[in-house]
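Visitor: Pasting a structure here, questions to come.
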Amino acid sequence: ETGVTQSPTHLIKTRGQQVTLRCSSQSGHNTVSWYQQALGQGPQFIFQYYREEENGRGNFPPRFSGLQFPNYSSELNVNALELDDSALYLCASNEGAPYNEQFFGPGTRLTVL
Amino acid sequence: DQQVKQNSPSLSVQEGRISILNCDYTNSMFDYFLWYKKYPAEGPTFLISISSIKDKNEDGRFTVFLNKSAKHLSLHIVPSQPGDSAVYFCAAKKGGANSKLTFGKGITLSVRP
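Just so you know, the protein sequences line up as chains B and F, in that order. Counting in the numbering used here, the first sequence runs from 2 upward without gaps. Counting in the numbering used here, the second sequence runs from 9 upward without gaps.
Okay, structure coming up:
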């Protein structure tokens with residue numbers, strides 16, 4: 002059983018640019034969640050996808066969007082990057098039921114200059 | 009608004025002693041609580057959880073206590089080991105169709121040999 006993987010590990014962008022972060026969920030996990038962890042803070046829920054449909058969203062603007070694919074991979078897209086978007090972005094996957102354990106990937110460190 | 013609070017940013021204990029990590033929450037709709045451990049450059053890993061219908065859950069060296077009236081939970085690690093040195097996040101979940109977790113800011117535990 003492979004774990005959750007994320008790419009790239011690190012990324013540097015400038016303000017106004019767009020970025021796509023990728024996640025490969027654990028095999029068989031049809032739910033993926035994305036979190037943003039700013040420095041010194043806990044992870045904050047961005048949104049969740051279940052069977053390729055958005056299934057819950059946190060307090061993030063529409064320029065944060067996502068996609069989930071049938072092969073257990075997913076993307077987080079952020080448009081019009083701002084300095085405050087600099088953070089560690091984590092994805093987590095679990096089997097459908099909401100109380101099932103979530104398995105986290107190692108994260109992508111995004112720096113916006 | 010910080011719905012899950014970990015007010016102590018750090019804790020240092022001697023190897024073999026007990027580590028007690030505290031967490032408070034404000035939202036009475038939370039019905040499930042979890043502790044995650046995070047090492048540098050890795051994603052959070054699930055440690056232990058407790059449902060709101062229980063007041064204690066034990067798993068080896070780790071015990072979580074829940075005091076619903078005080079909206080307080082604590083994680084006890086006995087005996088503490090140097091390998092337990094990590095950041096510990098308290099997280100909470102409300103009932104509903106998605107797996108959204110609300111995290112605290114984390115506590116850095118250092119276990120001295």
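Cβ coordinates follow ideal geometry from the N, Cα and C atoms, glycine included. These figures come from a predicted structure and were not determined experimentally.
Within the same chain, show all residues whose beta-carbon is closer than 6 Å to that of Phe65/B, passing over the 5 residues directly before and after it, in chain order.
Guide: Numbered from its first residue, the first sequence carries residue 65/B at position 64. Around Phe65/B: Ile47, Val79.
Visitor: Distance check for Ser118/F and Thr20/F, CA to CA, integer angstroms please.
Guide: Indexing the second sequence from 1 puts residue 20/F at position 12. Indexing the second sequence from 1 puts residue 118/F at position 110. According to the sequence provided, residue 20/F is Ser. The question's Thr does not apply to it. When only Cα atoms are considered, Ser20/F and Ser118/F end up about 5 Å apart.
Visitor: Is Asp63/F helix, strand or coil by DSSP?
Guide: For the purposes of this step, residue 63/F is identified with residue 55 of the second sequence, where counting begins at 1. Reduced to three states, the DSSP call for Asp63/F is coil.
Visitor: Does the structure place the region 96-112 of chain B close enough to the region 21-39 of chain B that three or more beta carbon pairs sit under 8 Å?
Guide: Touching, per the Cβ criterion.
Visitor: What's the C-alpha gap between Phe97/F and Ala81/B?
Guide: Stepping through the second sequence from its first residue, residue 97/F is reached at position 89. Stepping through the first sequence from its first residue, residue 81/B is reached at position 80. Within the model, the alpha-carbon separation for Phe97/F versus Ala81/B is close to 30 Å.
Visitor: Does DSSP put Asp39/F in a helix, a strand or coil?
Guide: Taking the second sequence and counting its residues from 1, the one referred to as residue 39/F is at position 31. Strand.
Visitor: How about Val95/F and Leu83/F: are their beta carbons less than 7 Å apart?
Guide: Residue numbering aside, residue 95/F sits at position 87 when the second sequence is read from its first letter. Residue numbering aside, residue 83/F sits at position 75 when the second sequence is read from its first letter. Contact flag unset, no.
Visitor: Less than 7 Å between the beta carbons of Phe41/F and Ala100/F, yes or no?
Guide: Stepping through the second sequence from its first residue, residue 41/F is reached at position 33. Stepping through the second sequence from its first residue, residue 100/F is reached at position 92. Yes, the Cβ-Cβ distance between Phe41/F and Ala100/F is below 7 Å.
Visitor: When the distance is taken between beta carbons, is Ser27/F closer than 7 Å to Ile115/F?
Guide: As a working mapping, residue 115/F is identified with position 107 in the second sequence. As a working mapping, residue 27/F is identified with position 19 in the second sequence. Not a contact, by the Cβ cut-off of 7 Å.
Visitor: What is the residue span of the beta strand (DSSP E) that Gln10/F lies within?
Guide: Sequence index remark: in the second sequence, residue 10/F carries index 2 (1-based). That residue, Gln10/F, is in no beta strand (DSSP E); it is neither H nor E in DSSP.
Visitor: Quick one, which of Phe111/F, Pro121/F, Arg120/F has its alpha-carbon nearest Asp9/F's?
Guide: Locating residue 9/F in the second sequence gives position 1, where the first residue counts as 1. Selected option, being the one with the closest Cα: Phe111/F.
Visitor: For the region 39-50 of chain B, list every residue whose C-beta sits within 8 Å of some C-beta in chain F, in sequence order.
Guide: The region 39-50 of chain B vs chain F, Cβ under 8 Å: Gly41, Gln42, Gly43, Pro44, Gln45, Phe46, Gln49.
Visitor: To the nearest angstrom, how far is the alpha carbon of Pro87/F from that of Arg25/F?
Guide: Against the second sequence, residue 87/F aligns to sequence position 79. Against the second sequence, residue 25/F aligns to sequence position 17. Pro87/F and Arg25/F: Cα-Cα distance of roughly 5 Å.
Visitor: Is there a Cβ from chain F that is less than 7 Å from the Cβ of Glu102/B?
Guide: On the first sequence, residue 102/B is found 101 positions in, with the first residue counted as 1. Answer yes: the Cβ-Cβ gap between Glu102/B and chain F drops below 7 Å somewhere.
Visitor: Between the region 61-84 of chain F and chain B, which residues of the former have a C-beta closer than 7 Å to a C-beta of the latter?
Guide: none
Visitor: Identify which residue in Cys92/B, Glu96/B, Asn31/B has its Cα closest to the Cα of Phe70/B.
Guide: For the purposes of this step, residue 70/B is taken as the residue at position 69 of the first sequence. When only C-alpha atoms are compared, the closest one is Asn31/B.
Visitor: Of all the CB atoms in chain B, is at least one closer than 7 Å to the CB of Phe41/F?
Guide: Numbered from its first residue, the second sequence carries residue 41/F at position 33. With 7 Å as the cut-off, Phe41/F does not count as an interface residue toward chain B.
Visitor: Which residues, in order along the region 85-97 of chain B, keep a beta-carbon less than 7 Å from a beta-carbon of chain F?
Guide: Taking 7 Å as the upper bound on Cβ-Cβ separation, chain F lies near residues Leu91, Asn95 of the region 85-97 of chain B.
Visitor: Please confirm whether Asn106/F has its beta-carbon closer than 7 Å to some beta-carbon of chain B.
Guide: For the purposes of this step, residue 106/F is taken as residue 98 along the second sequence, with counting starting at 1. Judged by the 7 Å Cβ criterion, Asn106/F is in contact with chain B.
Visitor: Over what stretch of residues does the beta strand (DSSP E) that includes Gln49/B continue unbroken?
Guide: As a working mapping, residue 49/B is identified with position 48 in the first sequence. Taken as a continuous stretch (DSSP letters only), the beta strand (DSSP E) holding Gln49/B covers 45-51.
Visitor: Can you tell me where the beta strand (DSSP E) holding Glu76/B begins and where it ends?
Guide: Residue 76/B sits at position 75 when you count from the first residue of the first sequence. Run containing Glu76/B: 74-79, per the beta strand (DSSP E) assignment.
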